[in-house]
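K.L.:
Just so we're aligned, residue 166 is where the sequence shown starts under my numbering, counting upward by one.
No residue lacks a Cβ here, since even glycine has one placed at the ideal position from N, Cα and C.
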Amino acid sequence: MNSGGEASAIQVRGILLEKFYISGGKPLTGKVSIGGAKNAAVAILPAALLADGPCTIHNLPYIDDVICLADILKEIGAKVNLNKRGEAYVESSTVTQYKASYDMVKQMRASYYLLGVLLGKFGKAEIPLPGGCEIGARPIDQHIKGFEALGANVVIEHGVVKASAKKLIGNEVYLDVVSVGATINIMFAAVKAEGSTTIVNAAKEPHVVDVANFLNSMGANVKGAGTDTIRIKGVDRLNGCEYTIIPDQIEAGTFMVAAAATAGDVVVADVIPKHMESITAKLLEMGIEVIEGDDYIRVRGIQKPRRVNIKTLPYPGFPTDLQQPISVICSIAKGTSIIHESLFDHRFRHVEELRRMGANIKVEDRTAIFEGVDGLSGAPVTATDLRAGAALIIAGLVANGVTEIDNIHFIDRGYERIEEKLTALGADIRRVKDGDKPLKVLLGSSNSAR
Ligand code: EPZ
């Protein structure tokens, strides 16, 4: 329960155990507008607490991770008004707590940003180790390395990270691993530190740049975001501001892949095409037509894409978050495709589910080998994490027959109204609350869902 005592949208939804039913085989056609970037939003929302005045943030995706984070900020005393149009008003003057409860924090990984924000604001923070998608080991040693470099004392006791510093003093931090979370969290701790901080081997993702731009809108002095070296000059005070979040690179990429996989013709609108360059390049390599406009990308699929090799890398390489969705195209492409997952050691849990739909995939450690099959067939499957869920939706759209997807709360963490956006593109997808009888029209085919 959040501070108001009422169950948040997430808690209510989770109790309902909803499923998606998809009747596949229809190409997606039309235009879809992309929402605000989840991985920028879950950092910028807590960062607003660093300001001494109120912040108004636009274009937040209205997704469970953002709703949950708003609840956590309320729990520690902030005033947060978040509406379904993706606008939030955040007032931090009432924040007194530097601790957050495990109940709230365990629901999402991005809760670790409260460490850098509260350490930067109060000089102390006590946050339980984060939850989040089970895609492999997700240590925070680089975050801690950065906080300690700035003079903080950090211990982990009974699963709680306790950071404190009499005064944060700028320093050079060399990241052993390119980490989005650590890069952003160290920025949070450094913006009001005494002196200058340099983050070397920093992550360059679009959302890292967006967070730096937000901090500068509040009066911070952050330079070099988007390169592997970020320089931060500490300032005494950060002011409230108004800010609009960039479009979501991963949601855009997901719809590009869905258009290609269903041999459809879709305009993915309200995007920054440069952010999707690596996905565009891979789709072109597969023989798929991709046309870039100023703020849109048009994807026209073909019946049998060509095979491809993919290696996930930090930006501007191919994003790990699209490895699972694009594996559906690899499953039906001509020939043998290979995907190597460089960032996470357990991000192939969707493979077992795709096999249930007829895919021919072999996994060896961090490499998946796909023998392209003629087509997929609908089946009951289970989402194991956010982007695995997105992959199963795309597989359901491609498959012949009906696919039932369980555990769709994972998908609601990162995609806003996905079934509405897909329906508008011609998909036959329905959200069904557990226990409701699926609609007749969906179960016309032989393989009736579980
Ligand atoms: C962010 O996770 C994203 N989440 C992930 O998106 C995304 O997959 C990932 O970046 C990579 O782009 C959010 O932004 C909320 P990392 P994060 O720190 O910050 C290792 C999604 O689907 N590492 O860049 O946790 C780590 O194990 C989610 O939207 C350390 O070793 O990722 C991994 O191998 C899933 N020590 C690599 O670095 C650390 O202290 C990259 O992780 C931190 C990370």
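(1) Take K476 as the anchor and find which of E506, G458, K499 has the nearest alpha-carbon.
(2) Does the structure place the region 462-480 close enough to the region 362-377 that three or more beta carbon pairs sit under 8 Å?
(3) Does the contact criterion of 3 or more C-beta pairs under 8 Å hold for the region 304-312 versus the region 337-349?
(4) According to DSSP, is S507 helix, strand or coil?
(5) In whole angstroms, give me the CA-to-CA distance for I571 and K598.
(6) Alpha carbon to alpha carbon, how far is G285 from G335? Give it in angstroms, no decimals.
(7) Mapping the DSSP letters down to three states, classify A355 as helix, strand or coil.
(8) According to the neighbour-count rule (16 or more other Cβ atoms, all chains shown, within 10 Å of its Cβ), is H323 buried or exposed?
(9) Helix, strand or coil, according to DSSP, for E252 in the structure here?
(10) Whole angstroms are fine: how far does the CA of V431 sit from the CA of S198?
(11) Go to I415, then tell me how far its alpha helix (DSSP H) extends in each direction, as first and last residue.
(12) Under 8 Å between the Cβ atoms of L448 and S496?
(13) Cα separation between G251 and M352?
(14) If you reduce the DSSP assignment to three classes, tell me which class L215 lands in.
(15) In three-state terms, what does DSSP make of A485?
(16) Write down the C-beta distance between S329 and K289 rounded to the nearest angstrom, noting that I regard them as a contact closer than 8 Å.
(17) For a quick check, are the C-beta atoms of N525 and F535 less than 8 Å apart?
(18) Taking C-beta to C-beta, are S502 and R521 nearer than 8 Å?
(19) Quick test of your reading: V376 and I241, contact by CB under 8 Å. State the CB separation rounded to the nearest angstrom.
(20) Taking 7 Å as the cut-off, is the beta-carbon of A328 closer than that to any non-hydrogen atom of the ligand COA?
(21) Among R402, S361, A553, G466, which residue has its Cα nearest to the Cα of G218?
(22) State buried or exposed for L562, treating a residue as buried only when at least 16 other CB atoms are found within 10 Å of its CB.
(23) Give the secondary structure of F513 by DSSP, where H, G and I count as helix, E and B as strand, and everything else as coil.
(24) Leaving out five residues on either side along the sequence, give the residues of the same chain with a beta carbon under 7 Å from the beta carbon of K332.
(25) Are the beta-carbon atoms belonging to S276 and I300 less than 8 Å from one another?
(26) Take the Cβ of A532 as the centre, count every other Cβ of all protein chains shown within 10 Å, and call the residue buried at 16 or more, exposed below.
(27) Taking the alpha-carbon positions, what's the G500 to G537 distance?
(28) Let me check you understand the geometry: is the CB of H308 closer than 7 Å to at least one non-hydrogen atom of the ligand EPZ?
(29) Evaluate E183 with the Cβ neighbour count: other Cβ atoms within 10 Å of its Cβ, from every protein chain shown; 16 or more gives buried, anything less gives exposed.
(30) Out of A216, K586, E337, which one is the CA nearest neighbour of S382?
(31) Quick one: Cα of V455 to Cα of D268, how far?
(32) For D486 and D229, which I take to be in contact (beta-carbon distance under 8 Å), what is that distance rounded to the nearest angstrom?
(33) How far does the alpha helix (DSSP H) with N381 in it extend, from its first residue to its last?
(34) Using a 10 Å radius around the Cβ and a threshold of 16 neighbouring Cβ atoms, would you call H223 buried or exposed?
(35) Do you know offhand how far Y186's Cα is from E450's?
(36) Would you call the CB atoms of L193 and L225 closer than 8 Å?
P.N.:
Walking through what the data contain:
(1) E506
(2) yes
(3) yes
(4) coil
(5) Note that residue 571 is Asp in the sequence shown, not Ile. Those two C-alpha atoms are separated by around 11 Å.
(6) 12 Å
(7) helix
(8) exposed
(9) coil
(10) 11 Å
(11) 414-426
(12) no
(13) 25 Å
(14) helix
(15) Here the sequence assigns Thr to residue 485, which means Ala is not the residue at that position. The answer is helix: DSSP assigns T485 an H, G or I state.
(16) 4 Å
(17) yes
(18) no
(19) Actually they are not in contact, since the Cβ atoms of V376 and I241 sit about 20 Å apart, beyond 8 Å.
(20) Among the ligands modelled here, namely the ligand EPZ, the ligand COA does not occur.
(21) R402
(22) buried
(23) coil
(24) G316, E359
(25) no
(26) One detail in the question is off: residue 532 reads as Thr in this sequence, not Ala. The residue in question, T532, is exposed, as its Cβ has fewer than 16 Cβ neighbours within 10 Å.
(27) 5 Å
(28) yes
(29) buried
(30) A216
(31) 44 Å
(32) 16 Å between Cβ atoms; not a contact.
(33) 371-382
(34) exposed
(35) 32 Å
(36) no
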